[in-house]
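Working notes for the structure below.
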Amino acid sequence: MTPGPGGDDLFGGAGGDPAGERPAAGRAADRAWTVSEAVGAVRTGVRRALGQVWITGELGEVKVHRSGHWYFTLRDADAQIRCVMWKANASRHRRAPAAGTEVYLLARPDVWTDRGELQFTAVKVLPTAGVGARQLELLRTREALTRDGLLDPGRRRPLPPDPAVIAIVSSVDGAALRDMAAVARRRWPAVRLLVVGATVQGDAAERTLLQALALVNRLPVDLCILGRGGGAREDLAVFDREAVCRAVAAVRVPVISAVGHETDRCLVDLVADLSASTPTAAMEQALPDVAERRHRIGALGERLAGGLRRRTALVTERLFRADDRLRHAIERRLARPRDQVAGLGARLDALSPLRVLERGYSVARGPDGRVLRRLADLGPGTRFRLRVADGEVKATSEGPA
Amino acid sequence: MTDAAPLHAVLRRLEEIVRALEAEDTDLDRALALFEEGVAVLREARARVQDAELRVQHVLEDAEGELRITDLDV
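Rendered as structure tokens:
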């Protein structure tokens, strides 16, 4: 710690930063600390020194404030400390323990800057008499897991819809494995089960479980089921162990736990992505039902065929409709010329020489085909042809009539 | 669809195809192409749900850390 530039000898060292940190923003290095800064620095130090811990001691009188907060002292033979439990936590306890009770207190230290007092903010208080070492350990583990977010429900991963390979951590020859295999055979026999053996009882239980869970992370699996071999409540203690819970959380695929009793769940059940009451139930949850899938595939197949039929029917209908419209368009386009042709035809018809012949006229033509119009063309003895409406006759002129 | 695609992905594709085919604005060429793909996907899906023999295997780690996988009769 060195005085800041321009530091006064009187306050030698006052410009230094305790623990190398800046307790309050904006404090110049060349002047004395304010009280707020100094207490603030202590507060930071205290908070860093100790997080939330279990403390055992004797309770002084608990003052229950009108606001619902509890104020009390915790002490042992050589020390004591003021404590507060805010209403939110206090209301979770049935009632305040009496003064003189030996308790376990879950609390974290804090400094109240307005009074410059050190005190503990308590979260939970348990009379020592009612708490076995195992329960305390359970509470401690639960606390640690909560702090690290491992019990956060938002952490839970969804199960894969169609797992192809499932790792099963259980005893290899227990009933649990047989039950799970039976369910798999019925629901989804195409699945592959990779069994990683673990002892779930006795001293070796924790070590073998940790090894098994680590091994699961080396396998190409989609899902992991942690199965219980069956046993008394004591035998399941290993599933409350912190290391086992952390190992379950570290499995890189979703984990279904099937170790706890329905009434009394293990901590592993809370860390797992899903907890099932039995190994059978776990496998039921893990696998889709092949009959249901077959039914769905069948229905999709029918819709596929139906979809095409409908689609082609639609196109055929459109083709017919287009064909009709085309015909009509062509009809319309042809109608006018046809009328014109008919009109011209009538006019041509009226002009036709044949029409004149029809009316009773006839035409005389010489042998060379020339029309004989004058008397001079028809001197006596002239041979000619006479064209009438329905044919021609040969004739000879007898001279002017 | 490759062999690696999980069934739910295969079924999702099939569902998409069927929906597109059922939509009236799909033109015929596209509808025929969809149908062709749909038939292939359907075949794939059916293959996945055919009868199969359950495989249960035991995984052991030997002293060298190597994995040994053996069939287990359950």
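Residue numbers (this note's numbering), protein chains in the order written: chain A, 202 to 602; chain B, 19 to 92.
Quick reminder that beta carbons are idealized off the backbone N, C-alpha and C, glycines included.
Check: ALA65(B) - DSSP class collapsed to helix/strand/coil; Outcome: helix
Check: Contact with chain A by ALA63(B), beta-carbon distance below 8 angstroms; Outcome: yes
Check: Contact the segment 472 to 489 of chain A vs the segment 364 to 377 of chain A: 3+ CB pairs below 8 angstroms; Outcome: yes
Check: Extent of the continuous beta strand (DSSP E) run through LEU352(A); Outcome: Careful: LEU352(A) lies outside any beta strand (DSSP E) and carries neither H nor E.
Check: Residues near TRP389(A) in its chain [Cβ-Cβ closer than 7 angstroms; skip 5 each side]; Outcome: LEU488, PRO489 and VAL491
Check: Beta carbon of ALA330(A) nearer than 8 angstroms to that of ILE256(A); Outcome: no
Check: Chain B residues whose Cβ lies nearer than 7 angstroms to that of ARG386(A); Outcome: LEU72
Check: Length of the line joining the Cα atoms of LEU50(B) and ALA38(B); Outcome: 11 angstroms
Check: Cross-strand partners of GLY428(A) (DSSP beta bridge); Outcome: ALA459(A)
Check: Short CB-CB distance (under 8 angstroms) between ARG86(B) and chain A; Outcome: no
Check: Near-chain B residues of the segment 389 to 404 of chain A (beta-carbon distance less than 8 angstroms), N- to C-terminal order; Outcome: PRO390, ALA391, VAL392, ARG393, LEU394, LEU395, VAL396, VAL397 and GLY398
Check: Any chain A beta carbon closer than 8 angstroms to ARG31(B); Outcome: no
Check: GLU33(B) to MET484(A) span [Cα, whole Å]; Outcome: 27 angstroms
Check: Proximal chain C residues relative to ALA300(A), where beta-carbon distance stays under 9 angstroms; Outcome: Of the protein chains in the structure, A and B, none is chain C.
Check: Pairwise C-alpha distance: ARG495(A) and SER476(A); Outcome: 28 angstroms
Check: Spatial neighbours of ASN290(A) in its chain, beta-carbon cut-off 6 angstroms, leaving aside the 5 residues before and after; Outcome: VAL324
Check: Other residues of its chain near LYS264(A): CB distance less than 8 angstroms, five sequence neighbours each side excluded; Outcome: TRP271, TYR272 and PHE273
Check: Inside the segment 511 to 579 of chain A only - alpha helix (DSSP H) runs reaching at least 4 residues; Outcome: 554 to 559
Check: Nearest-angstrom Cα separation, counted from GLY252(A) out to THR322(A); Outcome: 11 angstroms
Check: Chain B residues whose Cβ lies nearer than 8 angstroms to that of ASP373(A); Outcome: Before going on, a small fix: residue 373(A) reads as Val here, not Asp. Simply HIS76 and LEU90.
Check: Beta-carbon neighbours of GLY502(A), restricted to chain B and to distances below 7 angstroms; Outcome: LEU60
Check: Proximal residues to THR481(A) (C-beta, below 6 angstroms), its chain only, five neighbours per side dropped; Outcome: ASP380 and VAL384
Check: Inter-residue CB distance, PRO328(A) and PRO354(A) (contact presumed, cutoff 8 angstroms); Outcome: 30 angstroms between Cβ atoms; not a contact.
Check: Minimum C-alpha distance to LEU411(A) - residue among PRO601(A), ARG429(A) and ALA448(A); Outcome: ALA448(A)
Check: Span of the beta strand (DSSP E) around PRO310(A); Outcome: 303 to 313
Check: Every unbroken alpha helix (DSSP H) inside the segment 238 to 311 of chain A [4 residues or more]; Outcome: 288 to 291
Check: Beta-carbon gap between THR342(A) and LEU468(A) smaller than 8 angstroms; Outcome: yes
Check: Reduced DSSP category for PRO328(A) - H, G, I as helix; E, B as strand; rest coil; Outcome: strand
Check: Beta-ladder partner(s) of HIS26(B), from DSSP; Outcome: Per DSSP, none; premise fails for HIS26(B).
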